[in-house]
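The sequence shown begins at 1 in UniProt numbering and counts up one residue at a time. Idealized CB from N, CA, C, for every residue including glycine. Model, not experiment: these values are computed from the prediction. First up is the structure itself, then whatever we jot down about it.
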Amino acid sequence: MAIFSNIISKLKQPDSIEAIEDQTKINIDYKYWRIRIFYSMYIGYAVYYFTRKSFTFVMPNISSELHLDKASLGWIGSLLAISYGISKFISGIISDNANARYFMAIGLIMTGIINIIFGLSSAFWVFALCWTLNGWFQGFGWPPCAKFLSYWYSQSERGRWWGVWNTSHNLGGAIIPIFMVFFANSLGWRYAMQITGLSAIIVGLWLANRLRDTPASLGLPTIEKHRNENTIQYINQNENNTSLKEIFFKYIFKNKFIWILAIAYFFVYIVRIVMNDWTMPYLIEKKGYLNSTKAGTVIAAFEVGGFFGSIVAGWFSDILFKGGRGPVNFLFALLLSVFLVIFWQYTSANIWIDSLLVGSIGFFVFGPQMLIGIAAVELSHKKAAATSTGFIGWIGYLGAFVAGGPVGIILDKWGWNSYFTILISCSTISMLFLSLLFKARYYKYKSA
């Protein structure tokens, strides 16, 4: 019981300590902690992605050994998606009022343990249970990062910082197919899952040491005050007389911007997960790739493209559009549809051209995927940063749920042409919704 009491006490949001008065020390401390927190959450979230996508890249091995069809494999992925989506929302609420440092670390450790158990199992129901629980603890990753990015980096620079952080998805996504295929082919898929899980446990313990919660917990002023960016909306948002209930309903559930972003995110996520989870079997079954190594290389290009797409989208929105996320979101969604059509029409099996096309799709899907998250923070209330991103996150993962079992059923029934029908339709719908927020920059509300 003492262990659990200690864990619960660690999860409580730390109190603000006495403010540092020495401006030189404030400058030094801010520089140090911004760098340390950034690289820690970057590495941590990349490893979260390891334990989330590990199953995806051993699906062919599991299917061959245990004779599971596409629909069964897809439903395992869908269970993670729905569990992750719900957890992302609930964890967002908790994270806004908890110690993000330990919250993120504990989640990663638990996903590692679950990956190890998955690798020791053979029954479908155990796979389903493990991946549902994995989805739940995966939800402990994103909301703390949203909180860190909101409290440690200001709006004028947030697009660039968030854009670089968002490449942690892509780093993890680019490494994991190569990592899993290598270990699955050399040691077997079970050892591949277990090695991934052990890696996550080690990094989770490291995160608990490296991260910290808010600037106030270290005696530092708000980032807006530190950078002299106290605009009217930030002064209002830093008031302490706003209740959690008021923030929750006024700035999220009754906020039309958040709902538009959530719907767009739903369709963007379908595109992202369908590309990520179903492109490898498409390349092998439809295009005739003879081995999983070459197909895995093409999938890695999706993440490499996303890596650069996140950085460019953040830079464009900060520098060219002065913090405006709407124009970049719309442009990227438009070009995403264009490259999906080109990929559909290119039917030859050329690893270089396929990698270029899939990489371009990754570039244009990760741009809006990242900027929608920033917009959710900036179009709601600063104190609800994790909650707002958690809310759109669980809507997005309803899209990920659709991309699993339901898409598997569609592919079994109608074949690979339906794969492109789904992708192009969803990218077009997301573009239309994002066009509604072309000029939106922050949520205009009346002070009490």
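So, does the segment 273-282 touch the segment 292-306, judging by three or more C-beta pairs under 8 Å? Contact holds: three or more Cβ-Cβ distances are below 8 Å.
Rank F183, G204, V203 by C-alpha distance to the C-alpha of Q194 and give the top, closest one. The residue among F183, G204, V203 with its C-alpha nearest the C-alpha of Q194 is F183.
Just list the alpha helix (DSSP H) runs in the segment 167-220, keeping only unbroken ones of 4 residues or longer that don't cross its boundaries, in chain order. You should have 189-210.
Residue from W162, I273, L379, Y419 whose Cα sits closest to the Cα of K286: In terms of CA proximity to K286, Y419 leads the group W162, I273, L379, Y419.
What whole-angstrom Cβ distance do residue 452 and M104 have, given they're in contact under 8 Å? A query on residue 452 cannot be resolved here, the shown segment of the chain reaching from 1 to 448 and no further.
First through last residue of the alpha helix (DSSP H) which encompasses N153: Reading off the sequence shown, one finds Tyr at residue 153, where the question assumed Asn. Annotation: Y153 is outside any alpha helix (DSSP H) and is labelled neither H nor E by DSSP.
Per-residue DSSP class, three states only, for A440: Residue state, collapsed to three classes: coil.
Pick from W142, R101, L220 that is closest to D213, judged by C-alpha positions: Of all alpha-carbon atoms in W142, R101, L220, the one lying nearest the alpha-carbon of D213 is that of R101.
For the 8 Å Cβ check, are there 3 or more pairs between the segment 87-101 and the segment 405-414? With the cut-off at 8 Å, the segment 87-101 and the segment 405-414 do not touch.
Thinking I17 and G219 are a contact (beta carbons under 8 Å), I'd like their distance in whole angstroms, please. Beta-carbon to beta-carbon, I17 and G219 are separated by about 5 Å, close enough to satisfy the 8 Å threshold.
Grouping DSSP H, G and I as helix and E and B as strand, with all else coil, what is A349? Coil.
If I measure Cβ to Cβ from S199 and keep anything under 8 Å in the same chain, skipping five residues before and after, which residues do I get? Excluding positions up to five away in sequence, the list reads V47, F50, G112.
For the alpha helix (DSSP H) that contains T222, what are its first and last residues? Segment: none, T222 is in no alpha helix (DSSP H) and carries neither H nor E.
Tell me the residue span of the alpha helix (DSSP H) that contains E65. Annotation for E65: the continuous alpha helix (DSSP H) segment containing it runs 59-66.
Provide the residue span of the alpha helix (DSSP H) that contains A384, from first to last. That residue, A384, is in no alpha helix (DSSP H); it is neither H nor E in DSSP.
When the Cα atoms are used, what is the spatial distance from D354 to L331? The C-alpha of L331 is placed about 23 Å away from the C-alpha of D354.
By how many angstroms is the C-alpha of G390 removed from the C-alpha of N236? Reliability fails at N236, whose pLDDT of 48 lies under 50, so the model's placement of it is uncertain and no value is given.
So, helix, strand or coil for A98, using DSSP? The three-state reading of DSSP puts A98 in strand, counting E and B together.
Of all the options E21, K245, L171, S83, which has the alpha carbon lying nearest to the alpha carbon of D96? Per the C-alpha coordinates, the member of E21, K245, L171, S83 positioned closest to D96 is K245.
Confirm, please, whether the CB-CB distance from S317 to G309 is below 8 Å. In this structure, S317 does not lie closer than 8 Å to G309 by Cβ.
By Cβ distance below 6 Å, which residues in the same chain neighbour T56 in space, the five residues on each side in sequence not counted? Apart from the 5 residues on each side of it in sequence, T56 sits with its Cβ closer than 6 Å to the Cβ of D277 in its chain, given in chain order.
Which residues does DSSP pair with K245 in a beta bridge? Partner(s): none; K245 has no beta bridge.
Quick one: Cα of W136 to Cα of P327, how far? Answer to the nearest angstrom: the Cα atoms are 34 Å apart.
Roughly how many angstroms separate the alpha carbons of F433 and T387, rounded to a whole number? If you take the alpha carbons of F433 and T387, they lie about 21 Å apart.
Whole-angstrom distance between F248 and S447, CA atom to CA atom: In this prediction, S447 scores a pLDDT of 44, lower than 50, which makes its location untrustworthy; no coordinate-derived value is stated.
Selection from K383, A313, G306, K439 that minimises the alpha carbon distance to L356: Looking at the Cα atoms, G306 is the closest of the given residues.
Where K88 falls: helix, strand or coil (DSSP): K88 falls in the helix class under three-state DSSP.
Any idea which residues DSSP pairs K12 with across the strands? Answer by DSSP bridge pairing, in chain order: A98.
Measure the C-alpha to C-alpha separation of I139 and A81 and round it to an integer number of angstroms. The displayed chain sequence assigns Gly, not Ile, to residue 139. Taking the straight line joining both Cα atoms gives about 10 Å.
S156 to K382, Cα distance in whole Å? The alpha-carbon atoms of S156 and K382 are separated by roughly 15 Å.
Between the alpha carbons of residue 505 and W165, how many angstroms are there, rounded? The structure shown does not extend to residue 505, since the chain is modelled only from 1 through 448, so no value can be given for it.
G324 by DSSP, collapsed to three states: which one? It is coil, neither helix nor strand.
If contacts are defined as beta-carbon pairs under 8 Å, then S337 and I424 qualify, I think. What distance do you get, rounded to the angstrom? Yes, S337 and I424 are in contact; Cβ-Cβ is about 6 Å, under 8 Å.
Shortest alpha-carbon distance to Y45 belongs to which of N228, A385, F148? Selected option, being the one with the closest Cα: F148.
How about G404 and S150: are their beta carbons less than 8 Å apart? No; because the gap between Cβ atoms is not below 8 Å, this pair is not in contact.
Where do the N-terminal and C-terminal ends of the alpha helix (DSSP H) with F302 fall, by residue? Segment 292-315, the alpha helix (DSSP H) holding F302.
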